[in-house]
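No gaps in the numbering here: position 66 of the sequence shown is 515 in our numbering, and each next residue is one more.
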Amino acid sequence: MTTKKSTKTRKSGKRDSVKSLRETVEVLETQMAELTEELEKKSDKNVRLLAEFDNYKRRTQEERTKLFKYAGEELAKAILPILDDLHRTLEADGKGKARTILEGIELIVAKLDKTLEDQGIVPFDSVGQDFNAELHEALMSEESDKGENVILREFEKGYNYNDKILRHAKVVVSKS
Numbered sequence: 450m451t452t453k454k455s456t457k458t459r460k461s462g463k464r465d466s467v468k469s470l471r472e473t474v475e476v477l478e479t480q481m482a483e484l485t486e487e488l489e490k491k492s493d494k495n496v497r498l499l500a501e502f503d504n505y506k507r508r509t510q511e512e513r514t515k516l517f518k519y520a521g522e523e524l525a526k527a528i529l530p531i532l533d534d535l536h537r538t539l540e541a542d543g544k545g546k547a548r549t550i551l552e553g554i555e556l557i558v559a560k561l562d563k564t565l566e567d568q569g570i571v572p573f574d575s576v577g578q579d580f581n582a583e584l585h586e587a588l589m590s591e592e593s594d595k596g597e598n599v600i601l602r603e604f605e606k607g608y609n610y611n612d613k614i615l616r617h618a619k620v621v622v623s624k625s
């Protein structure tokens with residue numbers, strides 16, 4: 450037997466349950482709206498960061514390309530005055546002035562050596578040293594009393610560029 454009171458209680462309980470479910474739905478809808486908005490903001494931020502990163506990559510690639518393209522610019526600027534000196538020497542009237550021209554060429558060579566040194570390009574000594582395949586290229590060998598694999602002469606000087614071998618010295622090596 451159901452009484453009016455128990456029916457009322459059930460209806461009241463159902464109303465409370467429905468009301469509670471509606472409140473839960475409202476809370477969940479609010480949370481979902483907030484999360485959706487947050488997701489959109491983060492997605493927008495992500496798109497902007499990706500665009501910014503792409504711009505960064507493009508910019509650094511352009512800078513690297515430019516750096517490689519103009520890497521020798523300072524050296525070229527430093528060598529041009531020496532080239533001008535050589536042209537002036539060639540254009541000079543050489544009659545009876547051979548010694549003066551020779552002195553001019555010596556000055557130009559000294560100027561070029563200094564310019565290269567300022568750029569980090571320096572020659573290294575080889576004559577009298579033991580042959581080292583990392584520094585030298587043997588073009589010939591000659592009989593000598595100086596011992597085995599000692600450098601007797603240099604055909605071309607070897608050069609370092611900062612901490613790297615720019616050019617191996619071309620040398621004549623002794624053999625016993």
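Every residue gets a Cβ at the ideal spot worked out from N, C-alpha and C, and that includes glycine.
Values in this document were obtained by computation on a predicted structure and should not be read as measured data.
Where Glu583 is concerned, there is no enclosing beta strand (DSSP E), because DSSP gives it neither an H nor an E.
Residue range Ala547 to Asp567 is occupied by the alpha helix (DSSP H) that includes Val558.
With 16 or more other Cβ atoms inside 10 Å of its own Cβ, His585 counts as buried. Under the three-pair Cβ rule at 8 Å, the region 558-578 counts as touching the region 596-612. Under a 10 Å Cβ-count criterion, Ala482 is classified as exposed, with fewer than 16 other Cβ atoms of the shown protein chains found around its own Cβ.
DSSP, reduced to helix, strand and coil, places Asn504 within a helical segment of the structure shown. Straight across, the Cα-Cα distance linking Leu556 with Gly607 is about 21 Å. A distance below 7 Å between beta-carbons, with the five flanking residues on each side excluded, links Ile554 to the following residues of its chain, in chain order: Thr538.
Of the candidates Glu592, Val620 and Asp594, the residue whose Cα lies closest to the Cα of Glu605 is Val620.
Contact annotation, Phe573 with Asn609: C-beta distance approximately 6 Å; criterion of less than 8 Å satisfied.
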